[in-house]
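Student: Residue 133 in this note's numbering sits at position 131 of the sequence shown, with consecutive numbering throughout.
Note that beta-carbon positions come from the ideal geometry of N, C-alpha and C, so glycine has one too.
Questions regarding the structure given below will be posed in turn.
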Amino acid sequence: METLTLAIEDGIALLTLNRPEVLNSIDTRLIADMRAAVAEVAINPDARVLLITGAGRGFCAGADLAAQGQRQDGMSVGQGVAHGMTVGFNPMMRELYALQKPIVAAVNGVAAGGGVGLALAADIVIAAKSASFVQVFGP
């Protein structure tokens, strides 16, 4: 997996979002990797709990808007984000909700937009002193 790491040890599946250079923002690659990791945790009897955290100084900054700006399909950034949520982020979140194992989010630094949603998908959220939660709403 290119955008995250998954290590299973002592019953804990540690999933670390690993795009620290962009505050672990969500792009199509991260969504695909996250879905694969959740599927792996779901069937692995050695994984009794899923712990999600972010590498570097942030948990997850939400959608990778820079990647949306590079679209070549004629969609605006807003249309691209909405489309990405429909075909990628929302199915990923449904798979997290369906996971029959407890989920813990260890939030360090910023959790914004979809990063807040990712944290709230957990059964337990542990926030470091550095944690901040930000939701952005358009006009």
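Can you pull the DSSP bridge partners for residue 54?
Tutor: Here residue 54 refers to the residue found at position 52 of the sequence shown. DSSP, once it has assigned bridges, lists 17, 107 as partnering residue 54.
Student: In the DSSP assignment, find the unbroken alpha helix (DSSP H) run with residue 10 in it and report its ends.
Tutor: Position 8 of the sequence shown, counting from 1, holds the residue named residue 10. Per DSSP, residue 10 belongs to no alpha helix (DSSP H); it is in the beta strand (DSSP E), 6-11.
Student: State buried or exposed for residue 64, treating a residue as buried only when at least 16 other CB atoms are found within 10 Å of its CB.
Tutor: Within the sequence shown, numbered from 1, the residue matching residue 64 stands at position 62. Label assigned to residue 64: buried.
Student: Can you name the residues that DSSP bridges to residue 112?
Tutor: Indexing the sequence shown from 1 puts residue 112 at position 110. According to DSSP, which records beta bridges pairwise, residue 112 is partnered with 60, 134.
Student: So, does the segment 126-135 touch the segment 32-50, judging by three or more C-beta pairs under 8 angstroms?
Tutor: no
Student: Cα separation between residue 84 and residue 76?
Tutor: Looking up residue 84 in the sequence shown gives position 82. Looking up residue 76 in the sequence shown gives position 74. Roughly 14 angstroms between the two C-alpha positions.
Student: Thinking C-alpha only, which one of 124, 9, 60, 6 is nearest residue 97?
Tutor: Mapped onto the sequence shown, residue 97 falls at position 95. It is 124 whose Cα lies nearest to the Cα of residue 97.
Student: Which residues in the same chain as residue 66 place their Cβ atom closer than 7 angstroms to its Cβ, once the five residues preceding and following it in sequence are excluded?
Tutor: On the sequence shown, residue 66 is found 64 positions in, with the first residue counted as 1. For residue 66, where only same-chain residues beyond five positions count, the Cβ hits under 7 angstroms are 24, 27, 28, 29.
Student: Can you name, in chain order, every residue of its own chain whose Cβ lies under 6 angstroms from the Cβ of residue 107, other than the five neighbours on each side?
Tutor: Counting from 1 along the sequence shown, the entry for residue 107 is found at position 105. So the list reads 54, 121, 124, 127, once near-sequence residues are dropped.
Student: Quick check: the Cα distance between residue 145 and residue 113, rounded to an integer number of angstroms?
Tutor: Nothing can be reported for residue 145, as the shown portion of the chain is limited to 3 through 141.
Student: Just to check my reading of the structure: residue 115 and residue 138 have Cβ atoms closer than 8 angstroms, yes? What is that Cβ distance to the nearest angstrom?
Tutor: The count along the sequence shown starts at 1 and reaches residue 115 at position 113. The count along the sequence shown starts at 1 and reaches residue 138 at position 136. Their Cβ separation, rounded to whole angstroms, is 6 angstroms, which keeps residue 115 and residue 138 in contact under 8 angstroms.
Student: Excluding the five sequence neighbours on either side, which residues of its own chain have a C-beta within less than 7 angstroms of the C-beta of residue 95, listed in chain order?
Tutor: Locating residue 95 in the sequence shown gives position 93, where the first residue counts as 1. So the qualifying residues of the chain are 119, 123.
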